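Residue numbers (the UniProt record's numbering): 1 to 592.
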């Protein structure tokens with residue numbers, strides 16, 4: 001859908017004669033009588049048809065009144081549907097529609113000033129008032145509109161320009177590439193719409209920041225942290241070279257920090273053993289304010305927990321992470337003691353096969369996804385699909401983890417000496433283990449196409465440049481700093497995940513894809529993730545007869561038992577032999 005920059009409600013230009021004519025129209029007076037009585041023969045209202053003009057005017061008044069006075073919305077919808085409006089209702093419509101406030105105020109609703117489509121798009125992000133919108137724009141920076149459906153760059157620019165025009169009454173917003181510093185962002189959004197800020201941009205209230213926590217070590221601490229947030233960030237900085245670990249630990253410490261401030265009403269550096277036990281119980285059933293649908297961390301819809309309940313293994317993992325963080329804070333003399341040492345983790349039932357290889361895509365679905373994506377890549381404007389195809393083939397044809405695909409560099413990709421049209425890629429995986437993975441010819445072709453979009457020659461490059469890199473850099477501080485040198489630094493693991501989800505969404509809503517995917521395949525795509533493509537590679541490779549030791553080396557498994565999980569032949573053979581046994585028994589019974 002095209003993005004429009006006409007987002008502000010226009011000033012009403014109806015005359016008193018128009019209102020009188022509309023009242024007569026609602027009273028079922030014939031159109032020729034209305035035209036003769038209230039308009040001259042050359043009136044512009046008659047050029048496109050008087051009935052069309054009056055109906056459009058009626059709908060416009062109803063629409064304005066509906067957003068300005070939601071209590072009337074249901075009744076007005078009925079009036080719009082059947083066209084019946086009493087004279088009293090019409091007078092009320094005119095009164096409401098003609099009375100917008102002269103100056104926008106933060107507490108006023110967005111609907112009082114902006115067109116219904118823009119209002120609906122912002123309301124979907126739980127932005128109701130102009131104050132909510134300003135806080136949202138401040139928190140996310142110039143690229144605040146990314147990820148907000150139906151608000152593209154042109155509409156976003158129009159909104160920002162209008163907000164700047166009225167900054168005297170609404171307050172200033174960002175200018176240029178300015179993004180608020182972390183100290184300007186509160187831990188919790190206040191007002192009609194409560195939101196939570198990821199720990200990287202969080203600021204707890206002064207009385208909850210931990211600077212005077214009862215468990216603080218009064219000696220000089222080795223990390224020079226003045227409050228709990230600084231201490232947690234110092235701990236997380238230790239894992240800056242391990243993105244997967246950093247993401248996991250950040251998530252658990254965010255959750256606990258929020259619980260301390262919002263549920264226990266005390267700083268992290270004041271929790272006692274009883275508080276730790278309370279959080280242990282909280283993990284089993286988080287309160288509603290902590291739970292929401294999956295959303296980008298930059299969205300006001302983001303919450304620390306998803307709607308899926310945590311497994312006992314996840315609960316144990318959370319406790320282990322927090323206990324480890326407290327041990328570190330004690331070691332660096334930020335905290336005096338570790339209350340988590342007295343807390344036992346939940347009992348976890350150990351699974352025989354922990355990997356969810358059942359989420360691997362079937363062979364038919366994997367082929368269908370690549371075929372559909374390849375077709376879309378043929379259109380010159382579909383550069384995002386070309387990035388996605390290269391990413392998916394790196395995952396699904398080479399068995400890479402998403403962090404490994406994100407960190408893959410051009411100088412680590414060499415020709416395959418045993419297959420002239422294929423390649424071999426050196427990657428650094430878990431435990432900093434280096435391994436070589438094969439790269440298929442179609443993956444190389446997809447990478448070449450993506451590099452053409454980047455303005456680079458894939459075959460002549462032999463430099464430490466990311467194989468995958470975004471073509472459009474989000475205009476927020478982290479992205480701008482990360483991509484200061486274009487094309488050199490690529491995606492993060494999280495951004496590849498978002499690219500993956502966005503690609504599947506495009507495929508599922510592509511009219512041509514409806515004919516290619518069955519209903520079962522659509523359901524299978526609903527639960528797909530980048531890691532599912534790694535499982536897809538392992539399943540198909542072993543199914544096609546690849547030796548286990550080779551599959552183990554390519555996938556980077558430490559134990560051959562892990563790779564053996566992909567062997568479906570054993571289970572299949574057991575079931576087949578059982579079926580033969582049952583069949584023999586049935587035959588023997590028939591003979592008797």
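Backbone N, C-alpha and C fix where the C-beta goes; we use that ideal spot for every residue, glycine too. Quick caveat, the model's predicted, so the values are computed rather than measured.
Option nearest residue i by Cα separation, candidates the options
| i | options | result |
| --- | --- | --- |
| residue 334 | 539, 120, 233 | 233 |
| residue 468 | 391, 424, 122 | 391 |
| residue 600 | 319, 223, 369 | With the chain running from 1 to 592 in the structure shown, residue 600 is simply not present. |
| residue 110 | 47, 251, 128 | 128 |
| residue 313 | 280, 461, 24 | 280 |
| residue 524 | 25, 103, 360 | 360 |
| residue 452 | 223, 311, 483, 487 | 487 |
| residue 600 | 206, 18, 243, 122 | No information on residue 600 is available, as it lies outside the stretch 1 to 592 that the chain covers here. |
| residue 593 | 309, 336, 464 | Any answer about residue 593 is impossible in this case: the structure gives the chain only from 1 up to 592. |
| residue 16 | 39, 565, 32 | 39 |
| residue 454 | 470, 462, 464 | 470 |
| residue 267 | 210, 302, 226 | 210 |
| residue 58 | 583, 375, 148, 14 | 14 |
Cβ neighbour criterion (16 or more within 10 Å) applied to residue i
| i | result |
| --- | --- |
| residue 41 | exposed |
| residue 498 | exposed |
| residue 49 | exposed |
| residue 398 | buried |
| residue 258 | buried |
| residue 420 | exposed |
| residue 220 | exposed |
| residue 287 | exposed |
| residue 228 | buried |
| residue 218 | exposed |
| residue 396 | buried |
| residue 36 | exposed |
| residue 252 | buried |
| residue 224 | exposed |
| residue 271 | buried |
| residue 175 | Because residue 175 carries a pLDDT of 43, less than 50, the predicted location of this residue cannot be relied on, and the following value inherits that uncertainty. When all chains shown are included, residue 175 counts as exposed. |
| residue 389 | buried |
| residue 537 | buried |
| residue 329 | buried |
| residue 33 | exposed |
For residue i, the residue or residues it bridges with in DSSP
| i | result |
| --- | --- |
| residue 492 | Residue 492 pairs with nothing; no bridge assigned. |
| residue 563 | According to DSSP, which records beta bridges pairwise, residue 563 is partnered with nothing at all. |
| residue 305 | 291 |
| residue 216 | 335 |
| residue 163 | DSSP, once it has assigned bridges, lists no residue as partnering residue 163. |
| residue 109 | 129 |
| residue 466 | 409 |
Spatial distance of residue i from residue j (CA atoms)
| i | j | result |
| --- | --- | --- |
| residue 245 | residue 238 | 10 Å |
| residue 161 | residue 124 | 21 Å |
| residue 493 | residue 402 | 6 Å |
| residue 120 | residue 202 | 29 Å |
| residue 434 | residue 136 | 42 Å |
| residue 507 | residue 526 | 12 Å |
| residue 448 | residue 412 | 15 Å |
| residue 341 | residue 254 | 20 Å |
| residue 480 | residue 133 | 23 Å |
| residue 144 | residue 431 | 37 Å |
| residue 556 | residue 427 | 10 Å |
| residue 177 | residue 473 | Because the pLDDT at residue 177 is just 38, under 50, the model does not fix this residue reliably, and the value given afterwards should be weighed accordingly. Rounded to whole angstroms, residue 177 to residue 473 spans 12 Å at the Cα level. |
| residue 543 | residue 236 | 41 Å |
| residue 131 | residue 139 | 12 Å |
| residue 408 | residue 425 | 8 Å |
| residue 153 | residue 159 | 10 Å |
| residue 181 | residue 323 | Only weak support exists for where residue 181 lies, its pLDDT of 37 falling under 50; the value from the coordinates is given anyway. Looking at the two C-alpha atoms, the distance is approximately 30 Å. |
| residue 377 | residue 383 | 7 Å |
| residue 439 | residue 265 | 53 Å |
| residue 208 | residue 275 | 15 Å |
| residue 196 | residue 530 | 27 Å |
| residue 22 | residue 30 | 12 Å |
| residue 443 | residue 450 | 11 Å |
| residue 535 | residue 387 | 21 Å |
| residue 394 | residue 116 | 43 Å |
| residue 482 | residue 307 | 32 Å |
| residue 502 | residue 373 | 12 Å |
beta-carbon residue i near the ligand GDP non-hydrogen atom, thresh 7 Å
| i | result |
| --- | --- |
| residue 554 | You won't find the ligand GDP in this model; it holds no ligand whatsoever. |
CB contact below 8 Å: residue i versus chain B
| i | result |
| --- | --- |
| residue 161 | Within the model displayed, chain B is absent; a lone protein chain is all it includes. |
My parser needs the beta strand (DSSP E) runs of 3 or more residues fully inside the region 413-455; what are they?
If you keep only unbroken beta strand (DSSP E) runs of at least 3 residues inside the region 413-455, you get 413-416, 419-428, 434-439.
Runs of 4 residues minimum, wholly inside the region 519-562: which ones carry the alpha helix (DSSP H) assignment?
Runs of the alpha helix (DSSP H) inside the region 519-562: 519-526, 530-543, 548-555.
What runs of the alpha helix (DSSP H), each 4 residues or longer, lie entirely inside the region 208-279?
Counting only runs of 4 or more, we get 228-236, 243-258.
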